[in-house]
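Trainee:
Chains as they are written, first to last, in the working numbering: chain A, -7 to 331; chain B, 378 to 890.
Below is the structure:
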């Protein structure tokens, strides 16, 4: 794309924007044209190369790479769930709590010696109910998605604590553990679920009309409606889908941990969103997408792991994730302005 | 072209302004002189460089080396920093008013409410000052009213008064640049704004007025500068020129007729659309038929219902009563989707909000209503989508026909052609067009109307909902004039003149057929 194509001979449409120095503009044009889409991949490669040279014994090992990839399995699933709703221009902040709640119900059910089938039924029911409540309040009543799902998040955190009777549950045994831990090609299933979901969402987002519809609803709701899309139904559908994915992630989490600490939810709130926003700066710039999110997750974990191995303290984790979220949004804005 | 020597009578004098964007030379060696107390019309097609020139004066763009300028004899250096202090203010189409605040609050905001920092604002004094200003410029609005509740013409007037006040606060003469403040106003509303403009100029301000409506420019401006392809191609007194001459300058050729020839009202066919007792917020128990092969105009003064009617018919807004059906009896339904299935398309008036998503590519926007066609065997065929979009863009004369370019990067006229391509690709039976040529230059307007005419000749039933009487008078085979939501007059064929429409619009209910 010619970045300064003539719209009133190249005038950008945002009146607050100045073009500044022409040299800066050319540089940014070139970056936006050639670098923009793949910038995140370059940064990931640069991180890996730097740490590999710096810490060949600790970082550049197969064990470390497996550990990094597997440690992000849950976050990847949640980040992908987040993109479903983000793509239509809404927020679903309740996903981490939905996950915690179903992890809690799953743990309690397994503790009681009941079947995995019941675990699955309860999880899906929780996902459907939460998704419908979110969707109804946001789409039909018109409450802001931010507020609705923030409230839902808090309420469900309470519900998770109630389900376990304020206990931490651990040392569960049985087939539920295998759901998360069984290995195929030396990777545990929980990691495969994330990769599978990347594939599914990539297909839906990039290769089906529905993926395009989500994008148009996020970009221009009125234009989407006038084009004959059933905007309300599709939006409610996205809240349902993200809640169900989050609910199933809860079972994986319970299997992975062998139980649940019902207070764990808020710790999973920010990182998926940081990854989703960062992912929107890659491949399809300005659009939430599945593969970009995957790259973003690995970029975050490589950065944090490298710094930790260099001797950084535990708090680096939060600083890095928080900083990445803000930087990602800032970067997306700058690139958006360049175009 | 050798510019005249700098003169003390000039408010603004810029020389040798050039600007390049990538490979496109947007402005070439432009000289512009604005006399004191003058209204200067600045016109040109979309992409001619008007906006770029304005944005250089407001400090938004930096011109190429070699440009020089003076404001009231003081040197102007580029890039322009703080144009307000130099006495230059630009009012853009969006007016930059805060809808939630009152007129008084809006009028004072650019002047710091005659206070500073955390020192208290005297609202009594602000109010008195506002009343005085509004009176001086002949703007009749309640100073306590919320700006969002004002009519569009009143909002534009408030924006002009505010800019004048902020500039006067700097204590010297000033230049006011109005960038298409009237493009979304109907005739009588635009006149109100132009009266305010005249008062401001008579009060000593120097005004640059940019508009696509040539008759407004000819009416209000003292002098007109025409830009074409980034160069000044004409600089004429309005007293000695005509709209036709200005258009010839803008296009660099004669447009020929501004409009395609009117279709014969006799060669219409079956009913395409029948509305019965349609009632909405304004539209009141309105019944009419639209036939295949006719172009029906629906007009009226602002707020008489012509802006609401197409959205009621298309199921975007729910009517209080009434029903719309196709000629064969199929009901249009209660949603945009149902309307589309019935073969009826609505081309919305607010192009940037309802017509397209600016951040998506032309191809993505064009294919949206028919995206399912490109989804076969579980795969969206992007190449086919893009190829077909490109072909449509060529048919609809979108320039350049780059299917993968973002819609935001096209000019207004080309965006509108993209919207038409999006909606006309399925060859619908009924076309509802809400202000189809709003904010579009003369060349593109003619092309758009030719596209509409061709669709009509091919058998579509077309209804144009518009306040542009000149256009309606030239293209419609029949016009319904609304008065408070009801049909006040119906004109057919050669009865439809701009003058007759204007009289009917002023509400002479005696004309009811």
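Just so it is clear, CB atoms sit at the ideal spot from N, CA and C, and this is done for glycine as well. From a predicted model like this one, the values you see are computed outputs, not experimental measurements.
By the 10 Å Cβ neighbour count, where 16 or more other Cβ atoms means buried, how is residue 658 of chain B classified, buried or exposed?
Mentor: What you label residue 658 of chain B is simply residue 281 of the second chain in a count that begins at 1. Exposed is the call here.
Trainee: Specify whether the region 264 to 271 of chain A and the region 56 to 72 of chain A touch according to this definition: at least 3 beta carbon pairs, one from each stretch, less than 8 Å apart.
Mentor: With the cut-off at 8 Å, the region 264 to 271 of chain A and the region 56 to 72 of chain A touch.
Trainee: Going by beta carbon distance, what residues of the same chain come within less than 7 Å of residue 296 of chain A, once the five residues before and after it are set aside?
Mentor: For the purposes of this step, residue 296 of chain A is taken as the residue at position 304 of the first chain. 308, 309 and 312.
Trainee: Hey, is residue 312 of chain A's beta-carbon within less than 8 Å of any beta-carbon in chain B?
Mentor: Here residue 312 of chain A refers to the residue found at position 320 when the first chain is read from its first residue. It does not; no Cβ of chain B falls within 8 Å.
Trainee: For a quick check, are the C-beta atoms of residue 244 of chain A and residue 185 of chain A less than 8 Å apart?
Mentor: Position 252 of the first chain, counted from the first residue, corresponds to residue 244 of chain A. Position 193 of the first chain, counted from the first residue, corresponds to residue 185 of chain A. Result yes, Cβ atoms of residue 244 of chain A and residue 185 of chain A sit closer than 8 Å.
Trainee: For residue 402 of chain B, which residues does DSSP report across the bridge?
Mentor: In the second chain, residue 402 of chain B corresponds to position 25, counting from 1. Bridge partners of residue 402 of chain B: B:397.
Trainee: Give me the Cβ distance between residue 63 of chain A and residue 252 of chain A, rounded to the nearest whole Å; I'm assuming they're in contact under 8 Å.
Mentor: On the first chain, residue 63 of chain A is found 71 positions in, with the first residue counted as 1. On the first chain, residue 252 of chain A is found 260 positions in, with the first residue counted as 1. With 8 Å as the limit, residue 63 of chain A and residue 252 of chain A do not qualify as a contact, their Cβ atoms being about 18 Å apart.
Trainee: Are any of the Cβ atoms in chain A nearer than 8 Å to that of residue 393 of chain B?
Mentor: As a working mapping, residue 393 of chain B is identified with position 16 in the second chain. Output row for residue 393 of chain B: interface = no.
Trainee: When the cut-off is 8 Å and only beta carbons count, does residue 212 of chain A lie next to chain B?
Mentor: Within the first chain, numbered from 1, the residue matching residue 212 of chain A stands at position 220. Residue 212 of chain A counts as touching chain B.
Trainee: Considering only residues of the same chain and omitting the five flanking positions on each side of residue 13 of chain A, which have a CB-CB separation below 7 Å?
Mentor: Reading the first chain from its first residue, position 21 is the one you call residue 13 of chain A. Note that residue 13 of chain A scores a pLDDT of 43, beneath 50, so its modelled location is shaky and nothing firm can be said.
Trainee: Is residue 848 of chain B near residue 814 of chain B, with beta carbons less than 8 Å apart?
Mentor: The residue given as residue 848 of chain B occupies position 471 in the second chain. The residue given as residue 814 of chain B occupies position 437 in the second chain. Yes, Cβ-Cβ distance for residue 848 of chain B and residue 814 of chain B is below 8 Å.
Trainee: Terminal residues of the continuous alpha helix (DSSP H) containing residue 592 of chain B?
Mentor: Position 215 of the second chain, counting from 1, holds the residue named residue 592 of chain B. First-last of the alpha helix (DSSP H) with residue 592 of chain B: 591 to 597.
Trainee: Do residue 142 of chain A and residue 85 of chain A have their C-beta atoms closer together than 8 Å?
Mentor: Position 150 of the first chain, counted from the start, is the residue given in the question as residue 142 of chain A. Position 93 of the first chain, counted from the start, is the residue given in the question as residue 85 of chain A. Contact flag set, yes.
Trainee: Looking at the unbroken alpha helix (DSSP H) that takes in residue 201 of chain A, where does it start and where does it end?
Mentor: Looking up residue 201 of chain A in the first chain gives position 209. Per DSSP, residue 201 of chain A belongs to the alpha helix (DSSP H) from 201 to 211.
Trainee: Which chain B residues are close to residue 222 of chain A, counting only those with a beta carbon under 9 Å from its beta carbon?
Mentor: What you label residue 222 of chain A is simply residue 230 of the first chain in a count that begins at 1. Here the neighbours are 712 and 714.
Trainee: Which value, in whole angstroms, describes the spacing of the CA atoms of residue 188 of chain A and residue 777 of chain B?
Mentor: Numbered from 1 along the first chain, position 196 holds the residue referred to as residue 188 of chain A. Numbered from 1 along the second chain, position 400 holds the residue referred to as residue 777 of chain B. In a straight line, the C-alpha of residue 188 of chain A is about 41 Å away from that of residue 777 of chain B.
Trainee: Please list the terminal residues of the continuous alpha helix (DSSP H) segment that includes residue 224 of chain A.
Mentor: Counting from 1 along the first chain, the entry for residue 224 of chain A is found at position 232. Counting along the chain, the alpha helix (DSSP H) containing residue 224 of chain A begins and ends at 223 to 249.
Trainee: Residue 44 of chain A CB to nearest chain B CB: under 8 Å?
Mentor: Here the question's residue 44 of chain A lines up with position 52 in the first chain. Output row for residue 44 of chain A: interface = no.
Trainee: Sorted by chain position, which residues of the same chain lie with C-beta nearer than 8 Å to residue 785 of chain B's C-beta, five sequence neighbours on each side aside?
Mentor: Along the second chain, read from residue 1 onward, the residue named residue 785 of chain B stands at position 408. So the list reads 735 and 736, once near-sequence residues are dropped.
Trainee: How close, in whole Å, do the beta carbons of residue 75 of chain A and residue 282 of chain A come, if the pair is a contact with beta carbons under 8 Å?
Mentor: Counted from its first residue, the first chain places residue 75 of chain A at position 83. Counted from its first residue, the first chain places residue 282 of chain A at position 290. Between residue 282 of chain A and residue 75 of chain A the Cβ distance is about 7 Å, and since that is below 8 Å, they are a contact.
Trainee: Applying the 10 Å Cβ sphere with the 16-neighbour rule, what's the burial state of residue 45 of chain A?
Mentor: The residue you call residue 45 of chain A lines up with position 53 of the first chain. When all chains shown are included, residue 45 of chain A counts as exposed.
Trainee: By how many angstroms is the C-alpha of residue 739 of chain B removed from the C-alpha of residue 306 of chain A?
Mentor: The residue given as residue 306 of chain A occupies position 314 in the first chain. The residue given as residue 739 of chain B occupies position 362 in the second chain. Roughly 48 Å separates the two Cα atoms.
Trainee: Give the residues of chain A in contact with residue 746 of chain B, contact being defined as C-beta atoms less than 8 Å apart.
Mentor: Here residue 746 of chain B is taken as the residue at index 369 of the second chain, counted from 1. Within chain A, the residues near residue 746 of chain B are 219 and 220.
Trainee: Short of 8 Å Cβ to Cβ, which residues in the region 263 to 281 of chain A face chain B?
Mentor: Listed by position, the residues of the region 263 to 281 of chain A near chain B (Cβ gap below 8 Å) are 278.
Trainee: For the beta strand (DSSP E) holding residue 860 of chain B, just list the boundary residues, first then last.
Mentor: Looking up residue 860 of chain B in the second chain gives position 483. Element bounds for residue 860 of chain B: 855 to 860.
Trainee: Shortest alpha-carbon distance to residue 610 of chain B belongs to which of B:553, B:427 and B:876?
Mentor: Walking along the second chain from the start, residue 610 of chain B turns up at place 233. Comparing Cα-Cα distances from residue 610 of chain B to each of B:553, B:427 and B:876, the minimum goes to B:427.
Trainee: Taking the alpha carbon of residue 236 of chain A as the point to measure from, which residue in A:137, A:114 and A:180 has its own alpha carbon closest?
Mentor: Taking the first residue of the first chain as position 1, residue 236 of chain A is located at position 244. Residue A:114 is the option with its Cα nearest to residue 236 of chain A.
Trainee: Taking CB distances under 8 Å as the criterion, tell me whether residue 201 of chain A reaches chain B.
Mentor: Within the first chain, the letter at position 209 stands for residue 201 of chain A. Interface residue, yes.
Trainee: Thinking just about the alpha-carbon of each residue, which of B:797, B:477, B:874 and B:682 is nearest to the one in residue 774 of chain B?
Mentor: For the purposes of this step, residue 774 of chain B is identified with residue 397 of the second chain, where counting begins at 1. Comparing Cα positions, the closest option is B:797.
Trainee: Could you tell me which uninterrupted beta strand (DSSP E) segments, each at least 3 residues in length, are contained entirely in the region 706 to 763 of chain B, listed from first to last along the chain?
Mentor: As far as the region 706 to 763 of chain B is concerned, its whole beta strand (DSSP E) runs of at least 3 residues are 721 to 724.
Trainee: On the three-state DSSP scale, how would you describe residue 312 of chain A?
Mentor: Position 320 of the first chain, counting from 1, holds the residue named residue 312 of chain A. Reduced to three states, the DSSP call for residue 312 of chain A is helix.
Trainee: Taking Cβ positions only, does residue 29 of chain A come closer than 8 Å to chain B?
Mentor: The residue given as residue 29 of chain A occupies position 37 in the first chain. No, no contact with chain B.
Trainee: Thinking C-alpha only, which one of A:83, A:128, A:65 and A:146 is nearest residue 173 of chain A?
Mentor: Start at 1 with the first residue of the first chain, and residue 173 of chain A comes out as number 181. Considering only alpha carbons, the answer is A:65.
Trainee: May I have the straight-line CA-CA distance separating residue 483 of chain B from residue 555 of chain B, to the nearest angstrom?
Mentor: Indexing the second chain from 1 puts residue 483 of chain B at position 106. Indexing the second chain from 1 puts residue 555 of chain B at position 178. About 18 Å.
Trainee: So, using beta-carbon positions, are residue 503 of chain B and residue 485 of chain B closer together than 8 Å?
Mentor: Counting from 1 along the second chain, the entry for residue 503 of chain B is found at position 126. Counting from 1 along the second chain, the entry for residue 485 of chain B is found at position 108. Going by C-beta atoms, residue 503 of chain B is nearer than 8 Å to residue 485 of chain B.
Trainee: Going straight from the alpha carbon of residue 50 of chain A to that of residue 298 of chain A, what length do you get?
Mentor: As a working note, residue 50 of chain A is residue 58 in the first chain. As a working note, residue 298 of chain A is residue 306 in the first chain. For residue 50 of chain A and residue 298 of chain A, the distance between alpha carbons rounds to 9 Å.
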